[in-house]
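Line by line, the protein sequences are chains A and B. The first sequence begins at 373 in the working numbering and counts up by one. The second sequence begins at 724 in the working numbering and counts up by one. Yeah, the Cβ is synthetic: ideal placement off N, Cα and C, and Gly gets one too. To keep things clear, I will list the structure first and then write my remarks on it.
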Amino acid sequence: QKEVEQNSGPLSVPEGAIASLNCTYSDRGSQSFFWYRQYSGKSPELIMFIYSNGDKEDGRFTAQLNKASQYVSLLIRDSQPSDSATYLCAVLIYNQGGKLIFGQGTELSVKP
Amino acid sequence: GAGVSQSPRYKVAKRGQDVALRCDPISGHVSLFWYQQALGQGPEFLTYFQNEAQLDKSGLPSDRFFAERPEGSVSTLKIQRTQQEDSAVYLCASSLAAVGAEQYFGPGTRLTVT
């Protein structure tokens, strides 16, 4: 079992819809959770991070964390074609130092 | 302010050649990380520095890989006797704090070994 798992997609949503991206992790010691966006040929760009159970909102983005279920998600409201990218979920386990453990990423396509 | 910079952006090496990849982190960032990203995969951790100390090198795939950050700022990842399986994008990231802070990535170096 991979430490961080994401559906590779592609996930296709129409413009204006809500895109829901999911991530599960195996290590209960995971303590910080990050979502990165990666456009084709570019490097990962930090979108959001979340440490506590519940929801965290930033503009059109909402991160949701449920530590009991070992599940973190990213919702993108009013999806735009410019949101089309690969979204990477990453977890940080403090007793493993500062490294991030990434999922393989979910490709999102927003259709006009 | 300036973000993380990496050079070269692209490197083609013949099998067996040595390469050196440079990372210049965000000014004042304590921690520096190297990751390797294969096509279609998420980045995989290689090594981590806190200032000039290399605290974790558990992800380096072989003893052909070596990293340093002698003055606690610029870092160099060196790969000796490159092999085809070393072809990947090498990403550098930096963060302000020692552990747990957000990591910001540079543009990466795409290494192709022929």
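- Using beta-carbon distances, residue 775 of chain B does not count as an interface residue toward chain A, since no partner is under 9 Å.
- With respect to residue 478 of chain A, residue 411 of chain A sits apart: the two C-beta atoms are not nearer than 9 Å.
- For the 9 Å CB-CB criterion, residue 772 of chain B and residue 792 of chain B form a contact.
- Contact check for residue 422 of chain A and residue 408 of chain A: beta-carbon distance about 13 Å, past the 8 Å limit, so the pair fails to qualify.
- Between the alpha carbons of residue 427 of chain A and residue 468 of chain A lies a distance of about 25 Å.
- Our two residues, residue 735 of chain B and residue 812 of chain B, have alpha carbons roughly 12 Å apart in a direct line.
- Counting C-beta atoms within 10 angstroms of its own C-beta, residue 471 of chain A has 16 or more neighbours from the protein chains shown and is therefore classed as buried.
- Annotation: the continuous beta strand (DSSP E) that includes residue 836 of chain B extends over 832-836.
- A distance below 7 Å between beta-carbons, with the five flanking residues on each side excluded, links residue 830 of chain B to the following residues of its chain, in chain order: 729, 732.
- Residue 778 of chain B and residue 754 of chain B have their C-alpha atoms roughly 10 Å apart.
- Between residue 391 of chain A and residue 460 of chain A, the CB-CB gap reaches or exceeds 9 Å.
- Closer than 8 Å at the C-beta level to chain B, one finds these residues of the stretch 420-453 of chain A: 421.
- When only Cα atoms are considered, residue 431 of chain A and residue 398 of chain A end up about 29 Å apart.
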